[in-house]
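Only one structure is covered here, and it is reproduced in the block below.
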Amino acid sequence: MAAGEGRRTQILRGVLDLCLLAVMEEGPAYGYEMTKRLRARGLSIVGEGSIYPLLGRLEREGLVETYRAASDGGPPRKYYRPSREGRRVLAAGVSEWRAARDALDVVLGLVEAEVAP
Amino acid sequence: MNEFVEECRREWKRLGVPDPVANEMAADLTVDLEEAEADGASAEEVLGRGAHDPRSFATAWATERGLVQRPRLPGGRGILRRSHPAAAIGAVFALIAIVGAALVISASSSGSRRLGLPPRPEFRAAPGAVWVAAPGAIPRVMVIAEDTNDSGVDTHTVGSVLLIVGLAGSVPLMLVWLWVGPSGWSRRRTHIDDRPSRPGY
Numbered sequence: 231m232a233a234g235e236g237r238r239t240q241i242l243r244g245v246l247d248l249c250l251l252a253v254m255e256e257g258p259a260y261g262y263e264m265t266k267r268l269r270a271r272g273l274s275i276v277g278e279g280s281i282y283p284l285l286g287r288l289e290r291e292g293l294v295e296t297y298r299a300a301s302d303g304g305p306p307r308k309y310y311r312p313s314r315e316g317r318r319v320l321a322a323g324v325s326e327w328r329a330a331r332d333a334l335d336v337v338l339g340l341v342e343a344e345v346a347p
Numbered sequence: 040m041n042e043f044v045e046e047c048r049r050e051w052k053r054l055g056v057p058d059p060v061a062n063e064m065a066a067d068l069t070v071d072l073e074e075a076e077a078d079g080a081s082a083e084e085v086l087g088r089g090a091h092d093p094r095s096f097a098t099a100w101a102t103e104r105g106l107v108q109r110p111r112l113p114g115g116r117g118i119l120r121r122s123h124p125a126a127a128i129g130a131v132f133a134l135i136a137i138v139g140a141a142l143v144i145s146a147s148s149s150g151s152r153r154l155g156l157p158p159r160p161e162f163r164a165a166p167g168a169v170w171v172a173a174p175g176a177i178p179r180v181m182v183i184a185e186d187t188n189d190s191g192v193d194t195h196t197v198g199s200v201l202l203i204v205g206l207a208g209s210v211p212l213m214l215v216w217l218w219v220g221p222s223g224w225s226r227r228r229t230h231i232d233d234r235p236s237r238p239g240y
C-alpha cells in the first residue's frame, strides 16, 4: 500500500464513525444508503474497511437506534439514526476534528505554500 | 454476490452467531448488494476491502456487534483469564523448579551448604547422611541457613529433588498447553461483549 493510501486509511479510520453519524443525522438511512450519501459528498470507501462492522459497533455502544421499514415498496431494510448519546458524541467529535484540523493546517499549510508553484 | 453472502453465513455459523441474527444480517447484506449492483456500483464500494475476504468481513461485523468474543492477542490477559487454573498450577511447579535450581547452583558454587533443622533429640544423623523427610517433619524445614553442625540436609540433594518435582509438574503442563493451544483450555461460547472497543472500523 502506498504511503498516501495508508495515511488516508488512518485518517478515515479515526473519523468514519463521525461521518456515518453525520449522514444519518440528515435522516434515517440503511447501510447502502449511507454509502451513497458519503459517495455523493466525494467520500468513497473503496479500498477501505466496510461500514457494516462500524455500524455494528455504533449499535452496540448505543450511539444509534435501529428500526425496520420497507424502502420504496422494496424489502424491509434496517434503518439507523443517531441516538441522543450518538448526537452528543457527534457534536463532541466534530469539535475535536475541527480543532485538530485547524492545528494541522497551521503546520501543514506552510508546507503547501512553500511547495506551491 | 450471493456467494459472498453465503460465505458470510457459513462463517457466522462457525462463530456461533445465533441463526436469527445471522439471517437478519445476511438479508440486509443481500438487499444492499443487490441495490448496489442495480446502481452499477462495485462490491468494493459497499464492502470496501472486505469484498475480497468474506470470512474476515463476517468476523469483523459479528465481533463489532458484540455477537462473538473479540480475538485476543497470544499472551494477553484473556488467555491468562481463561486458563488461570492450569497456569497457576504450572506457575507453582515452575517456581519449585526455580528454587530447586537455585539451591543446586548455590550448593555447587559454595560447597556443602545445608538446610538447618531444629535438633532432634531422638535422632542424630551421622555425618554425611541424608534425611528423608517424613510428612510430619515437612513443616520443620522452614529456615534456610548455613548449618555449622552435621545434622542438616544436603542443600544439593534438596535442590535436586525440588528441581525434579518442579520439572515433572511444569513440563507436562507446558506440553499439553502447546498441544491443545491457548484456546483449547476453554470451550468457545457466544456472548455479548460489552467492552468499549477501539476507535475505527
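Chains as they are written, first to last, in our numbering: chain G, 231 to 347; chain X, 40 to 240. Glycine included, each C-beta is placed from N, C-alpha and C at the ideal position.
Problem set entry | Alpha-carbon spacing of X/Gly55 relative to X/Thr102, whole angstroms | Between X/Gly55 and X/Thr102, the C-alpha separation is close to 11 Å.
Exercise. For G/Thr247, which of helix, strand or coil comes out of DSSP?
Worked result: In the sequence as displayed, the identity of residue 247 of chain G is Asp instead of Thr. Helix at G/Asp247.
Exercise. Since G/Arg311 and G/Pro258 are thought to touch, with beta carbons under 8 Å apart, how far apart are those beta carbons, to the nearest angstrom?
Worked result: Going by Cβ atoms, the distance from G/Arg311 to G/Pro258 rounds to 4 Å, so yes, they are a contact pair.
For this session: Determine the closest residue to G/Glu295 out of G/Gly316, G/Gly304, G/Pro306 and G/Arg307, with distance taken between C-alpha atoms.
Result: Checked all of G/Gly316, G/Gly304, G/Pro306 and G/Arg307; the closest Cα to G/Glu295 is G/Gly316.
Exercise. Would you call the region 133 to 150 of chain X and the region 198 to 216 of chain X in contact, with 3 or more CB pairs under 8 Å?
Worked result: By the Cβ test, the region 133 to 150 of chain X is in contact with the region 198 to 216 of chain X, since at least three Cβ pairs between them sit closer than 8 Å.
For this session: Give the residues of chain X in contact with G/Glu211, contact being defined as C-beta atoms less than 9 Å apart.
Result: Since the first residue shown for chain G is 231 and the last is 347, residue 211 of chain G is missing from the structure and cannot be characterised.
For this session: Within 10 angstroms of the Cβ of G/Leu320, are there 16 or more other Cβ atoms? Answer buried if so, exposed if not.
Result: Here G/Leu320 is buried. Its C-beta has 16 or more other C-beta atoms within 10 Å.
Exercise. Three-state secondary structure (DSSP) at G/Arg262?
Worked result: The sequence shown places Tyr at residue 262 of chain G, not Arg. Helix.
Exercise. When burial is assigned at 16 or more other CB atoms within 10 Å of the CB, is X/Ser209 buried or exposed?
Worked result: Result: buried.
Exercise. So G/Glu295 is in the beta strand (DSSP E); what residue range does that whole segment cover?
Worked result: Segment Val294 to Ala300, the beta strand (DSSP E) holding G/Glu295.
Exercise. By the criterion of Cβ-Cβ separation under 9 Å, what are the contact partners of G/Thr265 in chain X?
Worked result: Within chain X, the residues near G/Thr265 are Asp71, Ala75, Ala80, Glu84 and Val85.
For this session: Helix, strand or coil for G/Pro312, going by three-state DSSP, please let me know.
Result: G/Pro312: strand per DSSP, three-state reduction.
For this session: Rank X/Ser147, X/Trp216 and X/Thr69 by C-alpha distance to the C-alpha of X/Thr196 and give the top, closest one.
Result: Measuring C-alpha to C-alpha distances from X/Thr196 to each of X/Ser147, X/Trp216 and X/Thr69 identifies X/Ser147 as the nearest.
Exercise. If you draw a straight line from the C-alpha of G/Arg243 to the C-alpha of X/Gly79, how long is it?
Worked result: So the two alpha carbons sit approximately 26 Å from each other.
Exercise. Using a beta-carbon distance below 8 Å, is G/Pro258 in contact with chain X?
Worked result: With 8 Å as the cut-off, G/Pro258 does not count as an interface residue toward chain X.
Problem set entry | Where the alpha helix (DSSP H) through G/Ile281 begins and ends | Ile281 to Arg290 is the span of the alpha helix (DSSP H), which, as asked, contains G/Ile281.
Exercise. Under three-state DSSP, which class holds G/Arg380?
Worked result: A query on residue 380 of chain G cannot be resolved here, the shown segment of chain G reaching from 231 to 347 and no further.
Problem set entry | Cross-chain neighbours of G/Pro305 in chain X, by beta carbon under 8 Å | The contacting residues are Ala66 and Val70.
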